[in-house]
Amino acid sequence: MSLMNATRNALPALFAAACLAVAPAQADNHAGEDAPSFTTAPLKGPLHLLQGKGGNIVASVGGDGVLLIDADYTDMAPAYASAVRELSASTDTPRFLLNTHWHLDHTGGNALWGEQGTVVMAHDNVRARMASGGRIAALGVEQAASPPEALPVVTYGDSAALHFNGDTLELQHYPNGHTDGDSVVYFAAENVVHMGDLFFKDRFPFVDMSSGGTVDGYIAGVQAVLARIDDDTVVVPGHGDVADKADLQRFADMLVATRDHVRGRLAAGAGVEDVVAEGLGEKWADWANPNFITEERWIGFLAAE
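First residue of the sequence shown: 9, per this note's numbering; consecutive thereafter.
Following this line, the structure appears as structure tokens:
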């Protein structure tokens, strides 16, 4: 049997293991099954970090009103509505909501805001996927089509800009990384960047290949962000604690090193099962998340390309 065939035959077993994960296990900062809870913390200037059950949310609160990046799960929306009222000392709805990609742990709250008149923005592919729904194969879950009020009403192909609360926000699309609709949001004046799920701090990432994600595209996106930021940039990951450029560089180094290792072993004649049995080495042992992307699952993503 050729190496290519042997590798191809081994992959279904690896992805079957990946499908054991379910949506609520997507991130380290997920709460339990009790009432929604979250934390808020100041970032810089008008920016605040809200961490709850799903993806990290950044809120810009100032004279122009409120802008949110991402919206967590649907059941978290009322709690965030209360938080926004407290942060802004106002009952006004946020003016803008920016989605970094289409997954439900980042878009579940869209409907609450959209039906109140918040302008939802995202990449073209985010609206398309939310409108149709689809299967996230590696999680073994079917994400249903979103209701009309949850859909982005302003979309873009490559990039867009907003001038809000004394800052210029750039929404930059990076193709075929975590998904095919990833955007990174740069706050120019505050030197803050929200990376969505193009960054899982100190963890192996999830590459949603059924939504157009690729390992090489993921690496290219991370490297592009690294080229734009400096040592003083505050880096907000999609999941995990606030980071800096050194943290993101460490993440990029892991991505490249593990990709090259797996591909090198396969090219040398090893099977995927052999690579899994050998592991990636002690250096990366702490990067596995036993409840989500384990070392075996990460090797499966690397081998799939």
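Every residue, glycine too, gets a C-beta built ideally from N, C-alpha and C.
With distances taken from CA atoms, which of Leu177, Pro183, Val92 and Arg143 is nearest Tyr194? Here the question's residue 194 lines up with position 186 in the sequence shown. For the residues Leu177, Pro183, Val92 and Arg143, the minimum Cα distance to Tyr194 belongs to Leu177.
Classify Asp210 as helix, strand or coil using the three-state DSSP reduction. On the sequence shown, residue 210 is found 202 positions in, with the first residue counted as 1. DSSP places Asp210 in coil when its eight states are reduced to three.
From the DSSP secondary-structure annotation, give me the bridge partner or partners of Arg103. Stepping through the sequence shown from its first residue, residue 103 is reached at position 95. Arg103 pairs with nothing; no bridge assigned.
With distances taken from CA atoms, which of Thr99, Phe46, Asp72 and Lys52 is nearest Ala79? Residue numbering aside, residue 79 sits at position 71 when the sequence shown is read from its first letter. From the listed residues Thr99, Phe46, Asp72 and Lys52, the smallest Cα separation to Ala79 is found for Phe46.
What does the Cβ neighbour count give for Asp166, buried or exposed, with the cut at 16 atoms within 10 Å? Taking the first residue of the sequence shown as 1, we reach residue 166 at position 158. So Asp166 counts as exposed.
Quick check: what's the CA-CA separation for Met84 versus Leu112? Looking up residue 84 in the sequence shown gives position 76. Looking up residue 112 in the sequence shown gives position 104. Roughly 11 Å separates the two Cα atoms.
Please specify which runs of the alpha helix (DSSP H), each continuous and at least 4 residues long, are wholly inside the stretch 262-306, giving them in chain order. The qualifying runs are 280-286.
Might you give, ordered along the chain, the residues of its own chain that have their beta carbon closer than 6 Å to the beta carbon of Pro54, omitting 5 neighbours on each side? Numbered from its first residue, the sequence shown carries residue 54 at position 46. For Pro54, where only same-chain residues beyond five positions count, the Cβ hits under 6 Å are Ser68, Val69, Gly70 and Asn173.
Can you list, in chain order, the residues of its chain whose CB lies under 7 Å from that of Val92, leaving out five sequence neighbours each side? What you label residue 92 is simply residue 84 of the sequence shown in a count that begins at 1. Taken in chain order, the residues that qualify are Ala67, Val74 and Pro102.
Rounded to the nearest angstrom, what separates Leu57 and His247 at their Cα positions? The residue given as residue 57 occupies position 49 in the sequence shown. The residue given as residue 247 occupies position 239 in the sequence shown. Their Cα atoms are separated by approximately 12 Å.
Segment limits, beta strand (DSSP E) that includes Thr108: Indexing the sequence shown from 1 puts residue 108 at position 100. Per DSSP, Thr108 belongs to no beta strand (DSSP E) and is neither H nor E.
If contacts are defined as beta-carbon pairs under 8 Å, then Val284 and Ile307 qualify, I think. What distance do you get, rounded to the angstrom? In the sequence shown, counting from the first residue as 1, residue 284 sits at position 276. In the sequence shown, counting from the first residue as 1, residue 307 sits at position 299. Val284 to Ile307, Cβ: 5 Å. Contact.
For Tyr164, write down the residues that DSSP places opposite it in a beta bridge. The residue given as residue 164 occupies position 156 in the sequence shown. Paired residues: His131.
May I ask you to report which of helix, strand or coil DSSP gives Ile237? Working through the sequence shown from its first residue, we reach residue 237 at position 229. If DSSP states are grouped into helix, strand and coil, Ile237 belongs with coil.
Rounded to the nearest angstrom, what separates Ala1 and Gln124 at their Cα positions? Outside the shown range of the chain (9 to 313) lies residue 1, about which nothing can therefore be said.
Please state the DSSP three-state secondary structure of Asp83. Position 75 of the sequence shown, counted from the start, is the residue given in the question as residue 83. Note: Asp83 maps to helix in three-state DSSP.
Beta-carbon within less than 7 Å of Tyr152's beta-carbon, same chain only, minus the 5 sequence neighbours each way: which residues are those? Looking up residue 152 in the sequence shown gives position 144. Checking the sequence shown, residue 152 turns out to be Ala, not Tyr. Setting aside the 5 residues that flank it on each side, Ala152 is surrounded in the same chain by Gly141, each with a C-beta closer than 7 Å to its C-beta; the list follows chain order.
Taking the alpha carbon of Ser218 as the reference point, which residue from Arg143, Leu310 and Ala312 has its own alpha carbon closest? Looking up residue 218 in the sequence shown gives position 210. If we check each option's Cα against that of Ser218, Arg143 comes out closest.
One question on the structure: do Val200 and Leu51 come within less than 8 Å of each other, judged by their Cβ atoms? Reading the sequence shown from its first residue, position 192 is the one you call residue 200. Reading the sequence shown from its first residue, position 43 is the one you call residue 51. Between Val200 and Leu51, the C-beta spacing is below 8 Å.
Among Asp282, Asp268, Ile227 and Leu288, the one whose alpha carbon lies nearest that of Ala260: Within the sequence shown, the letter at position 252 stands for residue 260. Across the set Asp282, Asp268, Ile227 and Leu288, the C-alpha of Ile227 shows the shortest separation from the C-alpha of Ala260.
Other residues of its chain near Leu263: CB distance less than 6 Å, five sequence neighbours each side excluded: As a working note, residue 263 is residue 255 in the sequence shown. Its chain contains Ile227 as the residues whose beta carbon lies nearer than 6 Å to that of Leu263, once the 5 sequence neighbours on both sides are disregarded; these appear in chain order.
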